[in-house]
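Q: Position 312 of the sequence shown, counting from 1, maps to 316 under this note's numbering, and the rest follow consecutively.
Backbone N, C-alpha and C fix where the C-beta goes; we use that ideal spot for every residue, glycine too.
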Amino acid sequence: MVSLIASVFGIALFARQYGVSCQKCHTVIPHLNEFGGHFLASGDRIPGISSGPGLPLAAKVNLVDSSADQGSGDGGAGLPRAIVDEIEAFTAGTIGARASFFAEQYVLDGGVAGALREAWVSDRVNPWSARVPLYVEAGSFTLPLPVDPETFRETAQHYAVFDQTVANNPFNFFDPQYGVKATIGNTLRGVSAQVYARRDTMAFVSDAIGPITAGIYHYRGVRPDIPGRDDRFERTGYSVVIDAGKWTSESVLQTGWDSSAAGCGVASSGGFTQLRYAFDRRFFAIARYEGVDQDGGNGFARDGVVGVGYAPQRNARMTLEDVLVTQPRTTNTMNLQVTVGI
5 MVSLIASVFG IALFARQYGV SCQKCHTVIP HLNEFGGHFL ASGDRIPGIS SGPGLPLAAK
65 VNLVDSSADQ GSGDGGAGLP RAIVDEIEAF TAGTIGARAS FFAEQYVLDG GVAGALREAW
125 VSDRVNPWSA RVPLYVEAGS FTLPLPVDPE TFRETAQHYA VFDQTVANNP FNFFDPQYGV
185 KATIGNTLRG VSAQVYARRD TMAFVSDAIG PITAGIYHYR GVRPDIPGRD DRFERTGYSV
245 VIDAGKWTSE SVLQTGWDSS AAGCGVASSG GFTQLRYAFD RRFFAIARYE GVDQDGGNGF
305 ARDGVVGVGY APQRNARMTL EDVLVTQPRT TNTMNLQVTV GI
């Protein structure tokens, strides 16, 4: 299967609000440089500085042309091969001296009506000068993971382990969750912890020493299985992220257990390793190998992704990737993405 994907990415609102270029935070969008990493870790704001009068609105449009039909559509009627895949609207800004907000709404998602993805308010609880920062975030947000499953992913191919579901349990790490998240420590330096709570709980602890960040996360939750029985499940992941200048690498290994999925206990596992090399500020190559397994090996799937990306302008990116999937039949997909920050 061959698909051509063109997208217009709209987080240029931060550049407008702070009077800087997209290169202040990015090398090739959406890849973050060191400044961009600190901006993200500070709740999408520059510590101690309020956002300017720039229009706090932006948009993303994603067009898809494929050799296969694009999903079932509303009522199972089916969608054509060429569709407007995604339209997203964004807004963000600062609140007072230490708080900020962000919202991301899918107007279209997969060619059909979309839903709210992220809408949160973050507050730096203690002063910017404090040695150990403390943030509290509330709303709808992506769960604390070593690799962002959506916003900063540079491939059209999703991370299989973050999309993974087990039996009747619909939980996955790709979808955002409502709740409250607390972050203690600097996630880019030394030991830090992020804790999420609502009906489920999650903790992610990481230690950043120089170019290497090692982490471990654990998620515990409950979902209804069959009438009168709940599936109590856990997911535990281990990660190593390396940022060595031109070379960056992310590796994640995850295991899981569901107490009563499909009427009995089910073990699951999965992971990936990804390598990115920046030839210069405009040109990069990326490769990833991943697999997921559940129910004693009966649900094994794997794929490999190789791609190259180029930034023709400071706020634009073109990416060509080849995806080989085995599940259990082998299929091949070519994806072309064009990304522009507006």
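Tell me the start and end of each unbroken alpha helix (DSSP H) in the stretch 37-64 that is at least 4 residues and wholly inside, in chain order.
A: Counting whole runs of 4 or more residues, the stretch 37-64 contains the alpha helix (DSSP H) stretches 38-45.
Q: Quick check: what's the CA-CA separation for V312 versus D326?
A: By 1-based counting over the sequence shown, the position of residue 312 is 308. By 1-based counting over the sequence shown, the position of residue 326 is 322. Their Cα atoms are separated by approximately 9 Å.
Q: Using the three-state DSSP reduction, which class does K185 fall into: helix, strand or coil?
A: In the sequence shown, residue 185 corresponds to position 181, counting from 1. Of the three classes helix, strand and coil, the one that applies to K185 here is strand, per DSSP.
Q: Going along the chain, which residues of its own chain have a beta-carbon closer than 6 Å to the beta-carbon of R333, five neighbours each way excluded?
A: Counting from 1 along the sequence shown, the entry for residue 333 is found at position 329. Answer for R333: no residue qualifies.
Q: What's the C-alpha gap between A62 and A212?
A: Counting from 1 along the sequence shown, the entry for residue 62 is found at position 58. Counting from 1 along the sequence shown, the entry for residue 212 is found at position 208. Looking at the two C-alpha atoms, the distance is approximately 33 Å.
Q: Cutting at 6 Å between CB atoms, please list the residues of its own chain near E254, excluding the five before and the five after it.
A: In the sequence shown, the residue the question calls residue 254 occupies position 250. If we look at E254 and ignore the five residues flanking it on each side, its Cβ neighbours are V151, V245, Q278.
Q: Taking C-alpha atoms, which residue in S263, S133, Q341 lies nearest to E238?
A: Within the sequence shown, residue 238 is the residue found at index 234, counting from 1. For the residues S263, S133, Q341, the minimum Cα distance to E238 belongs to S263.
Q: Have a look at the DSSP bridge pairing and note the partners of H162.
A: Within the sequence shown, the letter at position 158 stands for residue 162. H162 pairs with nothing; no bridge assigned.
Q: Could you tell me which residues DSSP pairs with E154 in its beta bridges?
A: Here the question's residue 154 lines up with position 150 in the sequence shown. Partner(s): none; E154 has no beta bridge.
Q: Out of N173, S196, F283, L147, state which residue places its alpha-carbon closest to the alpha-carbon of V184.
A: Within the sequence shown, the letter at position 180 stands for residue 184. If we check each option's Cα against that of V184, L147 comes out closest.
Q: Please confirm whether A142 and V125 have their CB atoms less than 8 Å apart.
A: Taking the first residue of the sequence shown as position 1, residue 142 is located at position 138. Taking the first residue of the sequence shown as position 1, residue 125 is located at position 121. Yes, the Cβ-Cβ distance between A142 and V125 is below 8 Å.
Q: Give the straight-line distance between the Cα atoms of Y221 and Q258, rounded to the nearest whole angstrom.
A: Residue numbering aside, residue 221 sits at position 217 when the sequence shown is read from its first letter. Residue numbering aside, residue 258 sits at position 254 when the sequence shown is read from its first letter. Y221 and Q258: Cα-Cα distance of roughly 9 Å.
Q: Excluding the 5 residues flanking N336 on each side, which residues of the same chain have their C-beta closer than 6 Å to its C-beta?
A: The residue labelled residue 336 in the question sits at position 332 within the sequence shown. Here the set comprises L328.
Q: Is it true that the CB of D234 sits closer than 8 Å to the CB of R227?
A: Looking up residue 227 in the sequence shown gives position 223. Looking up residue 234 in the sequence shown gives position 230. Closer than 8 Å, so yes.
Q: Mind checking which residues open and close the beta strand (DSSP E) that includes D234?
A: Numbered from 1 along the sequence shown, position 230 holds the residue referred to as residue 234. Taken as a continuous stretch (DSSP letters only), the beta strand (DSSP E) holding D234 covers 233-248.
Q: Rounded to the nearest angstrom, what separates G219 and T187 at their Cα positions?
A: Stepping through the sequence shown from its first residue, residue 219 is reached at position 215. Stepping through the sequence shown from its first residue, residue 187 is reached at position 183. Spanning the two alpha carbons is a distance of roughly 14 Å.
Q: So the beta strand (DSSP E) V312 belongs to, where does it begin and stop?
A: By one-based count along the sequence shown, residue 312 stands at place 308. Unbroken beta strand (DSSP E) run through V312: 305-314.
Q: Put Q347 into one of helix, strand or coil per three-state DSSP.
A: Coverage of the chain is limited to positions 5 through 346, which leaves residue 347 absent and any answer about it impossible.
Q: Measuring only the C-alpha atoms, how far is V111 from V195?
A: Sequence index remark: in the sequence shown, residue 111 carries index 107 (1-based). Sequence index remark: in the sequence shown, residue 195 carries index 191 (1-based). Each residue's Cα considered, the two are about 38 Å apart.
Q: Hey, out of V140, Q341, Q181, whose CA is closest to S46's CA?
A: The count along the sequence shown starts at 1 and reaches residue 46 at position 42. Answer by Cα proximity: V140.
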